[in-house]
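Have a look at the structure below before the remarks.
In my numbering, the protein residues as written are 1 to 443.
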């Protein structure tokens, strides 16, 4: 569907849509907007108040926003609209980094992230990208053809558009639903339990030690109150040290708070957060006994966590920012995640040497990966290969050439004039023999 057709359908008064069913919508009531606003606020409260959740979400959003993304045509990088929207300024008020960062935060908090594509009314070319508050978006289905539409009802935007005008990235969802499941909803019980344990532990830590006072019943009330007042004063003024007076006995009632209990609860919560967000546990500060190298951890993170997220962004960008004609001509967006897997200096050096020796990359290609200036030498853009390598199918030819080039053993018949072969197989000339004979005669 073209952009102009989408606009026509938006303003068509006969257009009928049906909201996606939810437990907040029923006969005579519709609290879907209220529910989404309330849920979103509670989820962001967890982001603000739980350091482990904040750590995971900030790592995912910062990593995604920091990945280089370019427009390619058949493996060749090109600088063409709309690539500048994802590499520079997404709109007059927002950079492309902030756009992807905020969208990824919304995806990890609410389960969904939305970006509105503003197009040129005449050409339909994207000119701006705007992040949308997840609480203001309602996904609706056309009852005539089953197509998906997005209704936005907020202070900044208020419209109904076809699904190609909204970039929608999300967490997993059932086939019958269009909203992604919020990871914080999955973690709700774990986070609630963790908060209860921390609140209880904090109260126990703030409690002062209590005392059981035993006194003689023969004491009159005034004397008893005076002794208790003196006891309280001693505790407050002397850090808990008291002097036991005659007629009264004191037993100290110590708090039962155990720091190990809090540590166990925190460790369990961290494991659950890491499992739900599918990140290595070391990202939350848990090393454990089976600690892995940094390179292996990053490889696991890229392959198991980052690549599925990257593929989702790429598919949305390719489908909704590029036309069918551009896609058929080989245009596509692609994030570069190779930089996260290059490892330390030693690993990168071995990798780069292998790439150059096997003719896979030029020196300038590798200089780009290290953010070094391009070399002006004409050979820096050429592919090189090692001379000690050859095709296996050419082994017979190489062996034949080597055999032909080997020198043939010489015999006595091939000796030149004045030469002879000694007992060791060495050639000696007549002149040298005569010189040796003359020297002996003189001696």
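Ideal Cβ placement from N, Cα and C applies to all residues, glycine included.
query                                                                                                                        : result
Where the alpha helix (DSSP H) containing residue 66 begins and where it ends                                                : 51-66
Residue 297 beta carbon less than 8 Å from that of residue 337                                                               : no
Whole-angstrom C-beta distance between residue 183 and residue 276, which should lie under 8 Å                               : 5 Å
Beta-carbon spacing of residue 295, residue 365 below 8 Å                                                                    : no
Delimiting residues of the alpha helix (DSSP H) encompassing residue 85                                                      : 83-87
Given residue 228 as reference, the closest of 217, 218 and 213 once Cα atoms are compared                                   : 213
Range of the contiguous beta strand (DSSP E) that encloses residue 210                                                       : 210-215
Own chain, CB closer than 6 Å to residue 34, minus 5 neighbours either side, in chain order                                  : At residue 34 the pLDDT is 42, less than 50, meaning the model places this residue with poor confidence; the figure from the coordinates comes in the next sentence. Contacts found: none.
Counterpart residues of residue 95 in DSSP-defined beta bridges                                                              : 89
Which of helix, strand or coil DSSP assigns to residue 141                                                                   : strand
Any 3 or more C-beta pairs closer than 8 Å across the region 158-168 and the region 183-202                                  : no
Cβ-Cβ distance between residue 104 and residue 60 below 8 Å                                                                  : yes
Cβ neighbours of residue 359 in the same chain (closer than 8 Å, five flanking residues each side left out)                  : 383, 384 and 385
Separation of residue 87 from residue 38, as counted between CA atoms                                                        : Since pLDDT at residue 38 reaches only 49, below the 50 mark, its modelled position is unreliable, and the value read off the structure follows with that caveat. Approximately 34 Å between the Cα atoms of the pair.
Bounding residues of the beta strand (DSSP E) (the contiguous stretch that carries residue 115)                              : 112-119
Counted within 10 angstroms of its Cβ, other Cβ atoms place residue 313 as buried (16 or more) or exposed                    : buried
Cβ-Cβ separation, residue 333 to residue 317 (assumed contact under 8 Å), whole Å                                            : 4 Å
With 16 other Cβ atoms within 10 Å as the buried cut-off, status of residue 154                                              : exposed
Euclidean distance between Cα positions of residue 123 and residue 323                                                       : 11 Å
N-terminal and C-terminal residue of the alpha helix (DSSP H) that residue 183 is part of                                    : 183-186
Of the listed residues 56, 271 and 102, nearest to residue 112 (C-alpha basis)                                               : 102
Cβ-Cβ separation, residue 262 to residue 271 (assumed contact under 8 Å), whole Å                                            : Rounded, the Cβ-Cβ distance is 15 Å, inconsistent with contact.
Cβ neighbour criterion (16 or more within 10 Å) applied to residue 125                                                       : exposed
Residue range of the beta strand (DSSP E) that includes residue 153                                                          : 148-153
Reduced DSSP secondary structure (H/G/I, E/B, other) of residue 156                                                          : coil
Endpoints, the beta strand (DSSP E) within which residue 170 is located                                                      : 166-170
Environment of residue 210 [buried if 16+ CB atoms lie within 10 Å]                                                          : exposed
Which residues DSSP lists as bridging residue 334, in chain order                                                            : 70
Neighbourhood of residue 299 by C-beta distance below 7 Å, restricted to the same chain and skipping five residues each side : 341
Residue 78, enclosing beta strand (DSSP E) - first and last residue                                                          : 76-78
Residue 125 - partner residues in DSSP beta bridges                                                                          : DSSP lists no partner for residue 125.
8 Å Cβ cutoff met for residue 55 and residue 71                                                                              : no
CB contact flag (residue 148, residue 178, <8 Å)                                                                             : yes
Backbone CA spacing between residue 7 and residue 121 [nearest angstrom]                                                     : Since pLDDT at residue 7 reaches only 46, below the 50 mark, its modelled position is unreliable, and the value read off the structure follows with that caveat. So the two alpha carbons sit approximately 10 Å from each other.
Cβ pair residue 268, residue 284 closer than 8 Å                                                                             : no
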